[in-house]
Ligand SMILES: [Zn+2]
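In our numbering, the protein residues as written are 19 to 122.
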């Protein structure tokens, strides 16, 4: 991922530790996917639950979903952060200056 937007110069990592929010979003997504997998398995097979298949599916979901979901979690985090913490004037000016120097 680039450090800055190539069009407007926005610096994606607005402060140190900025991506912790994306990790929290990604973790929440993974937990929701794990619970959804368990709920679907249990609802579809109750009372004869295939526990080994449920375990394998849940572990697979817990590895695959966060791996695929992290870029989306970063995007969602940035959108949320920009909504609740809009750009300050100094960030807008820095982005304009950066875009002007890059784009000419
Ligand atoms: Zn931009």
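Where a beta carbon is used, it is the ideal one built from N, C-alpha and C, also for glycine.
query                                                                                                                                                     : result
Three or more C-beta pairs under 8 Å: does that hold for the region 30-50 against the region 87-103?                                                      : yes
Please indicate yes or no: does the CB of residue 25 lie closer than 6 Å to some heavy atom of ligand 1?                                                  : yes
In the DSSP assignment, find the alpha helix (DSSP H) that holds residue 99 and state where it starts and stops.                                          : 69-102
Would residue 45 and residue 76 qualify as a contact pair, given that the criterion is a beta-carbon distance under 7 Å?                                  : no
Which value, in whole angstroms, describes the spacing of the CA atoms of residue 32 and residue 102?                                                     : 13 Å
Is it the case that the CB of residue 28 approaches a heavy atom of ligand 1 more closely than 6 Å?                                                       : yes
Suppose you measure from the CA of residue 27 to the CA of residue 89; what does that come to, to the nearest Å?                                          : 20 Å
For residue 78, is the classification buried or exposed, using 16 other Cβ atoms within 10 angstroms of its Cβ as the cut-off for buried?                 : exposed
Could you tell me if residue 122 is buried or exposed, where buried requires 16 or more neighbouring beta carbons within 10 angstroms of its beta carbon? : exposed
Check this for me: beta carbons of residue 59 and residue 72, under 7 Å apart or not?                                                                     : yes
May I have the straight-line CA-CA distance separating residue 65 from residue 51, to the nearest angstrom?                                               : 22 Å
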